[in-house]
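One structure is given here, and the rest of the page talks about it.
Laid out in structure tokens, this is it:
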């Protein structure tokens, strides 16, 4: 149940951001809206809210936003560079290597991207049997599950 709430929240946030950007037809106003959302994402990064950073940056990659050529021309180079840095931070590349490093080095509190942990748990569940060949509980698997979020 929690998973559906979590995933639904990501979709709602993505829809909100896309709607805010597309609300006005003027490319300059749209560019300004993009820059404001990128600033919000950077503030979220400073507050260690990595889930929000991922929600905002992935919203900018939606086809409805990404294809706005006249709008993106008006977005400042600094904002585009910041978008690149934020996207690298929350990239799924290397099993979220950069995000894991940021989480390891940040002072609590923080809001991680839970999808990263759900991916880890799915891999453990699919790739490791619940029981050993002797029919015993596979405690090695249980330890992997235990240490998934650390």
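In full-length UniProt numbering, the protein residues as written are 1 to 150. Cβ coordinates follow ideal geometry from the N, Cα and C atoms, glycine included. Owing to the predicted nature of the structure, the values given are computational and were not obtained by experimental measurement.
Simplified DSSP state of residue i, which is helix, strand or coil
{"i": "residue 15", "result": "helix"}
{"i": "residue 145", "result": "helix"}
{"i": "residue 113", "result": "coil"}
{"i": "residue 53", "result": "helix"}
{"i": "residue 136", "result": "coil"}
{"i": "residue 1", "result": "Note that residue 1 scores a pLDDT of 49, beneath 50, so its modelled location is shaky; the value from the coordinates is reported in the next line. Looking at residue 1 - three-state DSSP - the assignment turns out to be coil, as it is neither helix nor strand."}
Segment limits, alpha helix (DSSP H) that includes residue i
{"i": "residue 29", "result": "27-46"}
{"i": "residue 105", "result": "93-105"}
{"i": "residue 89", "result": "77-89"}
{"i": "residue 71", "result": "69-74"}
Close beta carbons around residue i, own chain, < 8 Å, minus the five adjacent residues each side
{"i": "residue 88", "result": "98"}
{"i": "residue 131", "result": "137 and 138"}
{"i": "residue 24", "result": "30 and 33"}
{"i": "residue 64", "result": "18 and 22"}
{"i": "residue 15", "result": "none"}
Distance CB(residue i)-CB(residue j) smaller than 8 Å
{"i": "residue 60", "j": "residue 34", "result": "yes"}
{"i": "residue 18", "j": "residue 67", "result": "no"}
{"i": "residue 50", "j": "residue 102", "result": "yes"}
{"i": "residue 28", "j": "residue 77", "result": "no"}
{"i": "residue 113", "j": "residue 90", "result": "yes"}
Contact set for residue i: own chain, Cβ-Cβ below 7 Å, skip 5 residues either direction
{"i": "residue 82", "result": "38 and 42"}
Contact set for residue i: own chain, Cβ-Cβ below 6 Å, skip 5 residues either direction
{"i": "residue 110", "result": "48"}
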